[in-house]
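In this note's numbering, the protein residues as written are 249 to 582.
Don't be surprised by glycine CBs; every beta carbon is placed ideally from N, CA and C.
The structure displayed is predicted, hence computed values, not measured ones.
Down below is the structure, laid out as C-alpha cells.
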C-alpha cells in the first residue's frame, strides 16, 4: 500500500511556509504602516501590497483544510488547544481587510481605518506567534482528546514567540518595501529593517536556548551525539544569513537582498522547528502517521489537491509577475 503521509506532510508544510512568507510580508507592511506618518508614504505602503495581499491568504485556507483532511486527529487536538489565538487572529485579519477597503472609500474616517489596518496587522501577527509558541510547547492530551484549559496557550514562551513573529514579519515587510519602493521611503524601510533584524536576531537566540531547555527530547535531538555534529551547520548558516542580510540592508544599491535574506532566515527557522519536532504533528504526543486519516481518504483528497495546487501556484506567480517593479505615487507600477 502506498504511504501518502510524506506527500501530505510536504503539501501541508509547503502551504504553511508559503502562507508565513506571503501573508507575512504584507502583515509586516501593515505593522510598519503605523510608523509611516506621511500620507504619501502610507499610500505607497498600501499600493505595494494592494494587488496581491488578499490572494496571499489562500495558503492559510490550504493549510487548514489540509490539516483537517489528512490529519484529523491533529486537527481535533490543535484547534481546541489554540482556540483563542486562532479566534483573535481571524478577527484581526477580518478587521484588517475591512480597514484596507474602507480606507479608500470612507475618506472622512480615514484615520480610524489607518489605525485599524495597522493594529489589525499587529494583533494578527502576534496571535500567530502565540499559536506557534504554544504548538512547540505541546498540549495537555488525555487519550486522543485535548484536556487542557482554553488559556493554557498563553505562557511566557508563547508570548515571546508572539513578539518574535511580529519582528520577523516586520523584517519581511521592510524587505518588501525596500524591493518595491525608492527614494525617501526606501531609506525609512532600511531603518525599519535594521530595527526588525535586531529584534529577530535577539528572538532567535533566546528561543534557540529556551526551546531545548524546555524539552529534553528537543535537547537530545540537537545536542546528542552524533546529531550535534550533523546539525551544527544549521545555526552557523543562520548566523551567516543574518550577517549577509544586515549588510544588504546597509547597502543602498541592494534592493533584492534584504527581502531574500529575510526569506532565508524564515526558511532556516522553519527548518529548525521541523528538526526539533519531527516526526510529531501533535508535539510530544502523536506522530504524523498516528494522526493521519485512512489511506483511501488521503488518496481521494490527493487527486483534487494535485490539480488545484499547480493552479494556485500559477495564478499566484502570475499576479506577482504582472505587478512587478517599483510602486510610485504618480503611476503605480512600472
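- By the CB criterion at 9 Å, residue 277 and residue 369 fall inside the cutoff.
- Closest option to residue 397, judged by alpha-carbon separation, among 342, 332 and 376: 332.
- The C-beta distance from residue 275 to residue 373 rounds to 5 Å, short enough to fall under 8 Å.
- Boundaries around residue 530 are those of the beta strand (DSSP E), 528-530, since no alpha helix (DSSP H) includes it.
- Residue pairing of residue 534 in beta bridges, as defined by DSSP: 530.
- The Cβ atoms of residue 485 and residue 523 do not sit closer than 9 Å to each other.
- Counting along the chain, residue 447 sits inside the alpha helix (DSSP H) bounded by residues 431-462.
- Judged by beta-carbon spacing, residue 377 lies within the 9 Å limit of residue 414, meaning their Cβ atoms are closer than that value.
- In the structure shown, the three-state DSSP call for residue 389 is strand.
- In terms of Cβ geometry, residue 273 and residue 297 form a close pair [threshold 9 Å].
- Within the region 323-411, the complete alpha helix (DSSP H) runs of at least 4 residues fall at 331-353 and 358-385.
- Out of 492, 429, 425 and 575, the CA that lies nearest to the CA of residue 280 is found in 425.
- Spatial neighbours of residue 447 in its own chain (CB-CB distance under 7 Å, excluding positions within 5 residues in sequence) are listed in chain order as 415.
- In this structure, residue 536 lies near residue 319, with their beta-carbon atoms less than 9 Å apart.
- Of the candidates 389, 455, 462 and 477, 455 places its Cα closest to the Cα of residue 518.
- Residue 490: member of the alpha helix (DSSP H) spanning 481-498, first to last residue.
- Relative to residue 432, the option among 260, 261, 293 and 270 whose CA is nearest is 293.
- Under the DSSP assignment, residue 317 falls in the alpha helix (DSSP H) whose first and last residues are 306-318.
- About 5 Å separates the CB atoms of residue 325 and residue 394; that is less than 8 Å, so the two are in contact.
- Out of 342, 255, 549 and 304, the CA that lies nearest to the CA of residue 564 is found in 304.
- Check the Cα spacing between residue 462 and each of 429, 262, 282 and 404: the tightest is with 404.
- Residue burial annotation: residue 392 is exposed, with fewer than 16 other C-beta atoms found within 10 angstroms of its C-beta.
- A direct Cα-to-Cα measurement between residue 558 and residue 356 gives close to 43 Å.
- At least 9 Å separates the beta-carbon of residue 539 from that of residue 252.
- Residue state for residue 469 is assigned as helix, using DSSP reduced to three classes.
- Cβ contact annotation for residue 550 (same chain, cutoff 7 Å, sequence separation greater than five): 252 and 255, in chain order.
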